[in-house]
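**Q**
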Amino acid sequence: MRGLLAGKEALKAFYARYSAFVNAFLRFITAFAAVFLINQNIGLMPKLSGGLVPLFAGIICAFLPFGAIAFLIGVFLLAQLFAASMEVALITLVFLLIVVLLYYGFQPGDSAYLIVTPILFFLKVPFAVPMILGLTGSLVSVIPMSCGIFLYYVILYVKQNGSFLAGSEQTEITQMLAQVIKNLLANPAMLVMIAACCLGALTVCVLKKLSINYSWGIAIGAGLILQILVVFIGDFRFGVPVSVPELVVGMIGAVIASLIYQLFVFSVDYSRTEYTQFEDDDYYYYVKAVPKIAISRTDVKVQEINKVKRR
Numbered sequence: 006m007r008g009l010l011a012g013k014e015a016l017k018a019f020y021a022r023y024s025a026f027v028n029a030f031l032r033f034i035t036a037f038a039a040v041f042l043i044n045q046n047i048g049l050m051p052k053l054s055g056g057l058v059p060l061f062a063g064i065i066c067a068f069l070p071f072g073a074i075a076f077l078i079g080v081f082l083l084a085q086l087f088a089a090s091m092e093v094a095l096i097t098l099v100f101l102l103i104v105v106l107l108y109y110g111f112q113p114g115d116s117a118y119l120i121v122t123p124i125l126f127f128l129k130v131p132f133a134v135p136m137i138l139g140l141t142g143s144l145v146s147v148i149p150m151s152c153g154i155f156l157y158y159v160i161l162y163v164k165q166n167g168s169f170l171a172g173s174e175q176t177e178i179t180q181m182l183a184q185v186i187k188n189l190l191a192n193p194a195m196l197v198m199i200a201a202c203c204l205g206a207l208t209v210c211v212l213k214k215l216s217i218n219y220s221w222g223i224a225i226g227a228g229l230i231l232q233i234l235v236v237f238i239g240d241f242r243f244g245v246p247v248s249v250p251e252l253v254v255g256m257i258g259a260v261i262a263s264l265i266y267q268l269f270v271f272s273v274d275y276s277r278t279e280y281t282q283f284e285d286d287d288y289y290y291y292v293k294a295v296p297k298i299a300i301s302r303t304d305v306k307v308q309e310i311n312k313v314k315r316r
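Here the sequence shown is numbered in our numbering, starting from 6 and rising by one per residue.
1) Can you tell me where the beta strand (DSSP E) with Lys293 in it begins and where it stops?
2) Determine the DSSP secondary structure at Leu219, reduced to helix, strand or coil.
3) Three Cβ pairs or more, each shorter than 8 Å: is that satisfied between the segment 154 to 166 and the segment 189 to 197?
4) For the segment 226 to 239 against the segment 86 to 104, do three or more pairs of beta-carbon atoms, one drawn from each stretch, fall closer than 8 Å, so that the two count as touching?
5) Can you look up Thr281 in the DSSP assignment and give me helix, strand or coil?
6) Starting from the C-beta of Val305, find all residues in its chain whose C-beta is less than 7 Å away, skip the five residues before and the five after it, and write them out in chain order.
7) Taking its Cβ as the centre, do 16 or more other Cβ atoms sit within 10 Å of Asp115, making it buried, or is it exposed?
8) Pick from Ile238, Asn166 and Ser24: whose alpha carbon is nearest that of Ala201?
9) Whose CA, out of Ala36, Leu60, Asp285 and Tyr280, lies closest to the CA of Ile74?
10) Assign Pro135 to buried or exposed, taking buried as 16 or more other Cβ atoms, counted over all protein chains shown, within 10 Å of its Cβ.
11) Going along the chain, which residues of its own chain have a beta-carbon closer than 8 Å to the beta-carbon of Val40, five neighbours each way excluded?
12) Strictly by DSSP, which residues pair up with Lys213?
13) Mind reading off the beta-carbon distance from Ala206 to Leu138? Whole number of angstroms is fine, and I expect it under 8 Å.
14) Per DSSP, Val4 forms a beta bridge with which residues?
15) Which term fits Val145, buried or exposed, when burial requires 16 or more other beta carbons within 10 angstroms of its beta carbon?
16) Smallest Cα separation from Gly244: which of Asn46, Thr281 and Pro193?
17) For Leu212, which residues of its own chain have a beta-carbon under 7 Å away from its beta-carbon, when the five flanking residues on both sides are left out?
18) Looking at Ser276: is its Cβ nearer than 9 Å to the Cβ of Ala133?
19) When burial is assigned at 16 or more other CB atoms within 10 Å of the CB, is Arg32 buried or exposed?
20) Please report the distance separating the alpha-carbon of Gly8 from that of Glu14.
21) Find out if the Cβ-Cβ distance for the pair Pro1, Met198 is shorter than 9 Å.
22) On the premise that Glu279 lies in contact with Ala294, defined as a C-beta separation below 8 Å, what is that separation, rounded to the nearest angstrom?
23) Taking DSSP as the reference, what is the three-state secondary structure of Ala67?
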């Protein structure tokens, strides 16, 4: 444990010194992964599907805030969707405009969830998203997470129905729109995952704020169990297929990500909890103080003393 805490303090000191470079690298990785996964799963526009496109996109986005990155990746996704199906691109465009107008005009700081959620879904660790969101965000942060889940299933739908969408020119646009809307918005797998992730994130966000010992650990466990229950209920009730190996991998990834975040943000020692009470003219105050776990850094200074030379 002491080694983990020492590593944590070293990483915090490294980030405090090179935060600008670390943040730029994280933005580069996020944009690179998003563009790469879009090209791998759709990639129907030749000019945007080259091998160097994700690299160039990552380099450009490394110097931009996450709001601008989300906008550029959204434009890139719409271009690839338009090459596959005009109807799917139109539905996605309307959806993104509604999200921007109703949510991001008031709370634009959560744009990262809109990008990271589809990436982690493609990497088969979807349960890590609501866990980290519940520990870091607020209750309204489930909105960009849900939008990210929707975009993941849009990309998955285009990938699985590429031949059907390619032959949609012979179908009337109204019939095609109705069929695409039905397949996208009434997808039981998407609805079950949105429900599971939202309930898990809200559970973690509420339980972590309780003044009980090990509240963060209890919140992580309860949120993960609730997500698994919702997924199995969706399997029994709506026939949503559940892959047990992917479910286990997703659970392990969510637990690891949550514990790492807790180590860096909320390392406390409940064995040294103190309680105090004081009052003023209007209230009595009962305070519970839990000390943080930290390793004091000792600066060792070596002073060199020159020996007196003898004649």
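Note that the Cβ used here is the ideal one computed from N, Cα and C, for glycine as well. From a predicted model like this one, the values you see are computed outputs, not experimental measurements.
**A** Taking the geometry as given:
1) Walking along the sequence shown from the start, residue 293 turns up at place 288. Taken as a continuous stretch (DSSP letters only), the beta strand (DSSP E) holding Lys293 covers Tyr289 to Ala294.
2) Numbered from its first residue, the sequence shown carries residue 219 at position 214. Per the sequence presented here, residue 219 reads as Tyr, with Leu not at that position. Tyr219 falls in the coil class under three-state DSSP.
3) yes
4) no
5) On the sequence shown, residue 281 is found 276 positions in, with the first residue counted as 1. Three-state result, Thr281: strand.
6) Counted from its first residue, the sequence shown places residue 305 at position 300. Residue placement at Val305 is poorly supported in this model, since its pLDDT is 48, which falls under 50; the coordinates still yield a value, given next. Excluding residues within five positions, none has a Cβ falling inside 7 Å.
7) Taking the first residue of the sequence shown as position 1, residue 115 is located at position 110. It is buried - the Cβ of Asp115 has at least 16 other Cβ atoms within 10 Å.
8) The residue labelled residue 201 in the question sits at position 196 within the sequence shown. Nearest C-alpha to Ala201: Ile238.
9) Within the sequence shown, numbered from 1, the residue matching residue 74 stands at position 69. Comparing Cα positions, the closest option is Ala36.
10) Here residue 135 refers to the residue found at position 130 when the sequence shown is read from its first residue. With 16 or more Cβ atoms within 10 Å of its Cβ, Pro135 is classed as buried.
11) On the sequence shown, position 35 is the one that residue 40 refers to. Cβ neighbours of Val40 beyond the five flanking positions: Val58, Pro59, Ala62, Gly63, Ile78 and Phe81.
12) As a position in the sequence shown, residue 213 is number 208, starting the count at 1. According to DSSP, which records beta bridges pairwise, Lys213 is partnered with nothing at all.
13) Here residue 206 refers to the residue found at position 201 of the sequence shown. Here residue 138 refers to the residue found at position 133 of the sequence shown. About 5 Å; that satisfies the 8 Å criterion.
14) Nothing about residue 4 can be read from this structure; the chain reaches only from 6 to 316.
15) To locate residue 145, count along the sequence shown from 1; it is residue 140. Val145 should be labelled exposed.
16) For the purposes of this step, residue 244 is taken as residue 239 along the sequence shown, with counting starting at 1. Minimum Cα distance to Gly244 is reached at Pro193.
17) Counting from one through the sequence shown, the residue named residue 212 turns up at place 207. Once the five neighbours on either side are set aside, the close Cβ partners of Leu212 are Ser220, Ile223, Ala224 and Ala227.
18) Reading the sequence shown from its first residue, position 271 is the one you call residue 276. Reading the sequence shown from its first residue, position 128 is the one you call residue 133. No, the Cβ-Cβ distance between Ser276 and Ala133 is not below 9 Å.
19) By one-based count along the sequence shown, residue 32 stands at place 27. Buried, since its Cβ has 16 or more Cβ neighbours within 10 Å.
20) Residue 8 sits at position 3 when you count from the first residue of the sequence shown. Residue 14 sits at position 9 when you count from the first residue of the sequence shown. If I take the Cα positions, the gap works out to 10 Å.
21) Coverage of the chain is limited to positions 6 through 316, which leaves residue 1 absent and any answer about it impossible.
22) Indexing the sequence shown from 1 puts residue 294 at position 289. Indexing the sequence shown from 1 puts residue 279 at position 274. Rounded, the Cβ-Cβ distance is 5 Å, consistent with contact.
23) As a working mapping, residue 67 is identified with position 62 in the sequence shown. It is coil, neither helix nor strand.
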